[in-house]
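Counted from 1, the sequence shown has number 319 at position 317 by my numbering; the numbering is strictly sequential.
Cβ atoms here follow ideal geometry from the backbone N, Cα and C, with glycine treated the same way.
Remember, it's a predicted structure, so these values are computed and weren't measured experimentally.
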Amino acid sequence: RSGLRVLAVEQARYGTDTLSTHALMRGGVLQLHRWGVLPRIEAVGTPRITSTSFHYGEEEIAIAIKPRYGIQGLYAPRRKVLDAILVDAAREAGVEVVHGVRVIDLMRSEDGRVVGAVLEEPGAGTVSVGAELVIGADGLRSKVAELVGAPKYRVGRNTSTFLYGYWSGLDLEENHWYYRPGVMGGAIPTNGGEVLVCAGAPGSRFWNEIRFDLEGGFHRVLREVAPELSDALAGASRSGPVRGFPGEPGFFRRSAGPGWALVGDAGYFRDPSTAHGITDAFRDAELLARAAVQGTDRALEEYERLRDSMAVGLFEASDIIAGHDRGMDEIKKVHLFMSDEMNREVAYLNGLDSEQPEALTRRTA
């Protein structure tokens, strides 16, 4: 929309599903609203979530999602729905999108600056494409990050394993998050009348107990954290298999250099225990897009600084929860800190279109 010529290369097929909690925090919904695509998310029947309940052992705290900044509620679209809508919107904005193609190398000038990428399409050979900026938005094991040698400069201490499945026939219209010592879980309404149910535990349990029986591990962990939800699944119908994420330490990686940048999980990843990953990606995509429009190395460096300022508090909070070793009172305090951080994030994003957006300073949990 700002006049740049953009090629987006995606290895997966159009509309492919992927492992995700789907939950959008207010900042993520605000981004969809600002980009003009939120009506499409609603039009395909994505349920609007107007309250969230936190279960700390036997205690339940319900929180209403009050309308703010033009946002009437939260959403948790399936990734095959969300990703297709974003691709369609990008194409309408002038982006050339190519699926089934991957980056295998980078082109460099004599002084080492990245000046393009070498792309491969299975069965069709390779092609070199020149570019003033190559962005790696290619996930945890980013090929672009590997090719530029981007180092990690902050790494989390803890990891969570999560097991996911989809059920229909559950009478849930709001998000539910469950916590007990050593375990956590969630129930998130999504498209097609289904509810994503997830169960989480320390990453060590995946390797020691769960990896050879994902379904059995899912039901054991879910019963530990939310026995009432576990009982409800007996009267519901599951679609598809139980899938698992073994866990991965969170990290910040250098995300800008001469002719290249990283965004999303390629540049910054945190434990999924706080379900903020898609919102992170939407926020950082906007920050990087604005830097790309400026077109200078200094702007790219500022993008990384801004991202870190927005992310470090939430990163540390996620790492604390991923330790699965805190009492319920401590988890509540972390959630209150996260609420403040997310409010700060939303206020910043809402002010991006003003002449003087809110200044940011780093905060830690």
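Hey, could you find the ends of the beta strand (DSSP E) residue i is sitting in?
| i | result |
| --- | --- |
| tryptophan 262 | 262-264 |
| tryptophan 179 | 177-182 |
| proline 191 | 185-191 |
| leucine 9 | 9-12 |
| arginine 138 | Note that residue 138 corresponds to glycine in the displayed sequence, not to arginine. Counting along the chain, the beta strand (DSSP E) containing glycine 138 begins and ends at 136-138. |
Buried or exposed for residue i, going by 16 or more other Cβ atoms inside 10 Å?
| i | result |
| --- | --- |
| arginine 346 | buried |
| alanine 119 | buried |
| glutamate 360 | Confidence is the limiting factor: at glutamate 360 the pLDDT is only 49, short of 50, which leaves the residue's position unreliable and the question unanswerable from this model. |
| phenylalanine 214 | exposed |
| asparagine 210 | exposed |
| threonine 128 | exposed |
| leucine 351 | buried |
| glutamate 318 | buried |
| aspartate 282 | buried |
| proline 41 | exposed |
| serine 130 | exposed |
| arginine 364 | Note that arginine 364 scores 47 on pLDDT, short of 50, meaning its location in the model is unreliable and no value can be drawn from it. |
| proline 274 | buried |
| arginine 7 | exposed |
| valine 348 | buried |
| threonine 163 | buried |
| tyrosine 16 | exposed |
| leucine 235 | buried |
| glutamate 205 | The identity of residue 205 in the sequence shown is glycine, whereas the question assumes glutamate. So glycine 205 counts as buried. |
Shortest alpha-carbon distance to residue i belongs to which of the options?
| i | options | result |
| --- | --- | --- |
| aspartate 85 | Ala64, Thr20 and Glu226 | Thr20 |
| leucine 316 | Asp90, Met340, Asp299 and Ala126 | Met340 |
| isoleucine 280 | Ala147, Glu230, Ala293 and Val265 | Val265 |
| leucine 338 | Val295, Ser170 and Thr276 | Thr276 |
| isoleucine 67 | Leu308, Gly325 and Asn177 | Asn177 |
| leucine 290 | Pro248, Ala10, Leu308 and Gly329 | Leu308 |
| aspartate 113 | Gly259, Gln296, Tyr305 and Arg50 | Gly259 |
| alanine 92 | Ala152, Ser4 and Pro124 | Ser4 |
| glycine 249 | Glu94, Leu235 and Ala203 | Ala203 |
| proline 153 | Thr54, Ala263 and Gly171 | Ala263 |
| glutamate 44 | Ile73, Ile65 and Thr54 | Ile73 |
| arginine 285 | His35, Leu9 and Thr23 | His35 |
| valine 244 | Leu231, Glu288 and Val199 | Val199 |
Quick check on the DSSP output: the alpha helix (DSSP H) that includes residue i runs from which residue to which?
| i | result |
| --- | --- |
| serine 55 | That residue, serine 55, is in no alpha helix (DSSP H); its beta strand (DSSP E) goes 53-58. |
| histidine 2 | As shown, the chain starts at 3 and ends at 367. That puts residue 2 outside it, with no answer to give. |
| glycine 279 | 279-296 |
| histidine 24 | It is not in any alpha helix (DSSP H) - histidine 24 carries neither H nor E in the DSSP assignment. |
Spatial neighbours of residue i within its chain, please: C-beta separation below 6 angstroms, excluding the five flanking residues on both sides.
| i | result |
| --- | --- |
| lysine 335 | none |
| threonine 48 | Tyr77, Pro79 and Asn193 |
| arginine 104 | Gln13 and Glu122 |
| asparagine 160 | Asp321, Ala324 and Gly325 |
| leucine 362 | For leucine 362, the predicted model reports a pLDDT of 49, less than 50, meaning its position is unreliable and no value from the coordinates is stated. |
| phenylalanine 56 | Ile63 and Trp179 |
| valine 157 | Pro251 and Phe253 |
| alanine 238 | Trp169, Gly171 and Leu172 |
| valine 100 | Val11 |
| leucine 302 | Ala258, Ala263 and Ala293 |
| valine 295 | Ser4 |
Quick one: residues in its chain with C-beta nearer than 8 angstroms to the C-beta of residue i, no 5 flanking neighbours on either side, listed in chain order?
| i | result |
| --- | --- |
| tyrosine 155 | Phe254, Arg255 and Arg256 |
Ordered along the chain, which non-local residues of its own chain (more than five positions away) have a Cβ less than 7 angstroms from that of residue i?
| i | result |
| --- | --- |
| proline 191 | Pro49, Ile51, Ala78, Leu174, Glu175 and Val197 |
| arginine 182 | Gly59, Glu226 and Val227 |
| glycine 371 | With the chain covering only 3 through 367, there is no way to say anything about residue 371. |
| arginine 207 | Thr163 |
Return yes when the C-beta of residue i is under 7 angstroms from any heavy atom of the ligand NAD, and no when it is not.
| i | result |
| --- | --- |
| asparagine 177 | This structure simply doesn't include the ligand NAD, nor any ligand for that matter. |
Would you list, in sequence order, the uninterrupted alpha helix (DSSP H) runs of no fewer than 4 residues that lie entirely inside the stretch 142-173?
-> 145-150
Hey, which unbroken runs of the beta strand (DSSP E) at 3 residues or more fall wholly within the stretch 198-269?
-> 239-247, 253-255 and 262-264
Ordered list of alpha helix (DSSP H) runs contained in the stretch 44-129, each at least 4 residues | 81-94
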